[in-house]
Amino acid sequence: MSKGELTIRATAMPTDLNPYGGVFGGWLMSQMALGAGSLASREGKGKAVVVSATDFAFPGAMQVGDELSVYCAVAAIGNTSLTITAEAIARERNGEAETKVAQGTFKFVLLDDNDRPRAVAANRA
Numbered sequence: 002m003s004k005g006e007l008t009i010r011a012t013a014m015p016t017d018l019n020p021y022g023g024v025f026g027g028w029l030m031s032q033m034a035l036g037a038g039s040l041a042s043r044e045g046k047g048k049a050v051v052v053s054a055t056d057f058a059f060p061g062a063m064q065v066g067d068e069l070s071v072y073c074a075v076a077a078i079g080n081t082s083l084t085i086t087a088e089a090i091a092r093e094r095n096g097e098a099e100t101k102v103a104q105g106t107f108k109f110v111l112l113d114d115n116d117r118p119r120a121v122a123a124n125r126a
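Residue numbers (our numbering): 2 to 126.
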């Protein structure tokens, strides 16, 4: 169902719900940002900070107790930036049924020790 590398897995808890009883979209976005940031730091071999988040869609819903898996992939490489796509898949708590619940794109800039942008190519293996 998903493309990319599994970067994070979490269980939706009651504190992650919106006032209507569904999982809050902001929680989904934060989990996706954590996963995308992990991949950006590994690929960039150092500090990577998010500078934009775009193209979000929430095609499915998840419930408290469902397990969220975030899959990420490098979509583009710039001079000092990495663009990462993220896809969030929910698995029902008491079964194996999976639903795509969110997708989005994050752009990260790599920083040096002085928090200045640094080249991507110089740091990728």
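Glycine included, C-beta positions come from ideal geometry on N, C-alpha and C.
Backbone CA spacing between residue i and residue j [nearest angstrom]
i, j, result
"glycine 66", "glycine 26", "15 Å"
"leucine 112", "glycine 5", "24 Å"
"leucine 40", "valine 71", "11 Å"
"glycine 96", "cysteine 73", "24 Å"
"valine 24", "glutamate 68", "11 Å"
"methionine 2", "alanine 62", "With a pLDDT of only 46 at methionine 2, under 50, the local geometry of the prediction cannot be trusted, and no value is derived from it."
"valine 121", "alanine 91", "32 Å"
"leucine 29", "asparagine 115", "31 Å"
"glycine 45", "alanine 87", "17 Å"
"methionine 14", "arginine 119", "38 Å"
"phenylalanine 107", "glycine 47", "17 Å"
"proline 20", "glutamine 64", "13 Å"
Status (buried if at least 16 other CB within 10 Å, exposed otherwise) for residue i
i, result
"threonine 16", "exposed"
"arginine 117", "exposed"
"glutamine 32", "buried"
"threonine 55", "exposed"
Own chain, CB closer than 8 Å to residue i, minus 5 neighbours either side, in chain order
i, result
"alanine 58", "Ala103, Gln104, Gly105"
"alanine 49", "Gly38, Ala41, Ser42, Leu83, Phe109, Val110, Leu111, Leu112"
"alanine 77", "Leu83, Thr84"
Coil, strand or helix - residue i by DSSP
i, result
"methionine 2", "In this prediction, methionine 2 has a pLDDT of 46, which is less than 50 and means its spatial position is unreliable; nothing more can be read from the coordinates."
"threonine 81", "coil"
"glutamine 32", "helix"
"proline 20", "coil"
"glycine 92", "The identity of residue 92 in the sequence shown is arginine, whereas the question assumes glycine. Strand, per DSSP."
Close beta carbons around residue i, own chain, < 6 Å, minus the five adjacent residues each side
i, result
"lysine 101", "Pro60, Gly61, Ile90"
"threonine 12", "Glu68"
"leucine 35", "Ile9"
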